[in-house]
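Residue numbers (the working numbering): 67 to 365.
Contents: one structure, followed by commentary.
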Amino acid sequence: MPSSHARGSAGLSGGAGSAYPAGQEGRGEEDVLRPEATPPASKTTRHPRRSLPGEPDVTTLCRTFFRSYLVAAAFNTRGLQNIGLAYAMEPGLRVIHPDPDAFGAAMKRHLEVYNSHPMWAPLLVGIFLSVEIKIAKGLVPATMLEDIKTTMAYTLSAVGDSFFGASLLGLWGLGAACLVASGHPMGVAVLAVCMLFALNVFKAATFWAGYREGFRVLKRLKRWDLINWGRRVKVVNAVMLTFLWMLAAPGAVGAVALRDVVIVSGLAAWALTEPRFPREMVFAALVATSLCLTLFRVS
67 MPSSHARGSA GLSGGAGSAY PAGQEGRGEE DVLRPEATPP ASKTTRHPRR
117 SLPGEPDVTT LCRTFFRSYL VAAAFNTRGL QNIGLAYAME PGLRVIHPDP
167 DAFGAAMKRH LEVYNSHPMW APLLVGIFLS VEIKIAKGLV PATMLEDIKT
217 TMAYTLSAVG DSFFGASLLG LWGLGAACLV ASGHPMGVAV LAVCMLFALN
267 VFKAATFWAG YREGFRVLKR LKRWDLINWG RRVKVVNAVM LTFLWMLAAP
317 GAVGAVALRD VVIVSGLAAW ALTEPRFPRE MVFAALVATS LCLTLFRVS
């Protein structure tokens with residue numbers, strides 16, 4: 067029978083039932099019983115990683131859309147609406163261009179001179195976001211945005227002035243005046259709510275279309291033919307102007323034959339659709355014609 071010392075020696079020799087872990091035979095007892103020292107963590111060299119471009123999420127798009135309402139808030143004589151445009155684009159540009167240098171270059175692009183009708187601001191902001199995504203991905207050059215932005219903004223500005231400013235705004239005002247003259251003041255509030263709701267739906271829809279379709283949305287705008295629709299609205303405005311005159315001066319209208327009312331309405335519709343005549347001269351001529359017809363009938 068081997069002695070206890072021999073058994074201990076055999077146990078320390080790395081055989082079966084060895085007190086040393088496998089592969090550590092021959093190490094000192096102190097080394098084995100001491101907990102294994104944790105090797106120092108390797109210092110990996112951290113290289114600056116270039117951020118990849120992304121697309122704005124729903125929250126970022128909502129922030130950008132609502133900021134587009136403030137495009138004209140910082141109007142200035144140097145860049146016109148450029149500060150408001152850059153403010154509206156900032157949330158989306160931070161997501162599209164995570165790299166600080168690329169973000170700064172994008173902001174600089176939108177701080178150039180910019181001016182357009184406020185109703186088109188959401189549409190243009192959506193289009194610019196779409197183009198910036200393509201620029202970040204290297205699909206189009208950055209110069210493409212500046213080459214097209216100016217022409218598109220001024221063209222849409224002319225359409226906006228004609229349709230929204232000269233036609234739709236006049237329809238709103240004449241409709242409200244007719245409601246007041248006919249004794250329906252609450253109708254003015256209802257009309258205002260309906261018009262504001264429709265205009266904001268228009269802004270939201272055009273913003274989303276501009277973001278999703280980019281420059282392709284301009285083909286859809288061309289099919290809408292807003293210029294000719296503006297002329298049709300001006301004809302309606304001329305009829306409403308005559309109707310307002312009938313409501314405001316019923317005694318005078320009673321002395322005017324139906325034929326005269328038709329003549330005045332026809333002249334108003336023709337004159338308001340003629341771009342050669344200023345609206346102020348048309349309005350003054352209509353008032354003078356109406357007064358002459360009234361005095362002639364009364365006398």
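Cβ atoms here follow ideal geometry from the backbone N, Cα and C, with glycine treated the same way.
Inset, instruction - Identify, in the order they occur along the chain, each residue of the same chain with its Cβ nearer than 6 Å to the Cβ of L195, setting aside the five sequence neighbours on each side. - result: Once the five neighbours on either side are set aside, the close Cβ partners of L195 are G158, Y277.
Legend entry - the stretch 145 to 154 contacting the stretch 196 to 208, beta-carbon criterion three pairs below 8 Å: Judged by Cβ distances under 8 Å, the stretch 145 to 154 makes no contact with the stretch 196 to 208, as fewer than three pairs qualify.
Inset, instruction - With a 10 Å radius around its C-beta and 16 neighbouring C-beta atoms as the bar for buried, classify F141 as buried or exposed. - result: Here F141 is exposed. Its C-beta has fewer than 16 other C-beta atoms within 10 Å.
Legend entry - Uninterrupted alpha helix (DSSP H) stretches inside the stretch 155 to 180 (no shorter than 4 residues): List check, alpha helix (DSSP H) in window: 166 to 176.
Inset, instruction - Compare the Cα-Cα distances from L177 to each of V254, I214, Y153 and report the closest residue. - result: With distances taken between Cα atoms, L177 lies closest to Y153.
Inset, instruction - Check L205 in the structure and name its three-state DSSP category. - result: Taken through DSSP and simplified to helix, strand or coil, L205 comes out as coil.
Inset, instruction - Could you pull the start and end residues of the alpha helix (DSSP H) that Y277 belongs to? - result: Note, Y277: alpha helix (DSSP H), 251 to 279.
Legend entry - Identity of the residue in H250, V256, G231, I199 nearest R160 by Cα: Out of H250, V256, G231, I199, I199 has the C-alpha closest to the C-alpha of R160.
Legend entry - Beta carbon of F309 nearer than 7 Å to that of C260: No. Outside cutoff.
Legend entry - Segment limits, alpha helix (DSSP H) that includes R289: Note, R289: alpha helix (DSSP H), 283 to 290.
Legend entry - is_contact[L307, chain D] using C-beta, thresh 7 Å: Any reference to chain D falls outside this structure, which holds one protein chain only.
Inset, instruction - Rank M218, A187, L235, N266 by C-alpha distance to the C-alpha of L136 and give the top, closest one. - result: Comparing Cα-Cα distances from L136 to each of M218, A187, L235, N266, the minimum goes to A187.
Legend entry - Residue(s) in a DSSP beta bridge with N142: Bridge partners of N142: L146.
Legend entry - Buried or exposed (CB count within 10 angstroms, at least 16 for buried), W290: With fewer than 16 other Cβ atoms within 10 Å, it is exposed.
Legend entry - Boundaries (first-last residue) of the alpha helix (DSSP H) holding W238: It spans 235 to 247 - the alpha helix (DSSP H) in which W238 sits, taken as one unbroken run.
Legend entry - CB of S228 within 7 Å of CB of G280, strictly: If you check the CB distance, S228 and G280 do not come in under 7 Å.
Legend entry - Straight-line gap, L237 to P251 (C-alpha atoms, nearest Å): So the two alpha carbons sit approximately 17 Å from each other.
Legend entry - Reduced DSSP secondary structure (H/G/I, E/B, other) of G120: In this structure, DSSP gives G120 a state outside helix and strand, which the three-state scheme calls coil.
Inset, instruction - Would you mind working out which of T130, G249, T209, F131 sits nearest A171, comparing C-alpha positions? - result: Ranking T130, G249, T209, F131 by Cα distance to A171 puts T209 first.
Legend entry - For S182, three-class secondary structure by DSSP: Correct three-state label for S182: coil.
Inset, instruction - Given a cut-off of 7 Å, decide if L313 and S248 are closer than it, judged by their beta-carbon atoms. - result: In this structure, L313 lies closer than 7 Å to S248 by Cβ.
Legend entry - Three-state secondary structure assigned by DSSP to V137: V137 carries a coil assignment under DSSP once its states are collapsed to helix, strand and coil.
Inset, instruction - With distances taken Cα to Cα, identify the nearest neighbour of F131 among F273, A304, D165. - result: Here the closest residue by C-alpha is F273.
Legend entry - Contact under 7 Å by Cβ, V191 with S134: Yes. Within cutoff.
Legend entry - Rounded straight-line distance, which links the Cα of M218 to that of G231: G231 and M218 have their C-alpha atoms spaced approximately 18 Å apart.
Legend entry - Whether A275 touches V267 by CB criterion (7 Å): Against a cut-off of 7 Å, the Cβ pair of V267 and A275 comes out as no contact.
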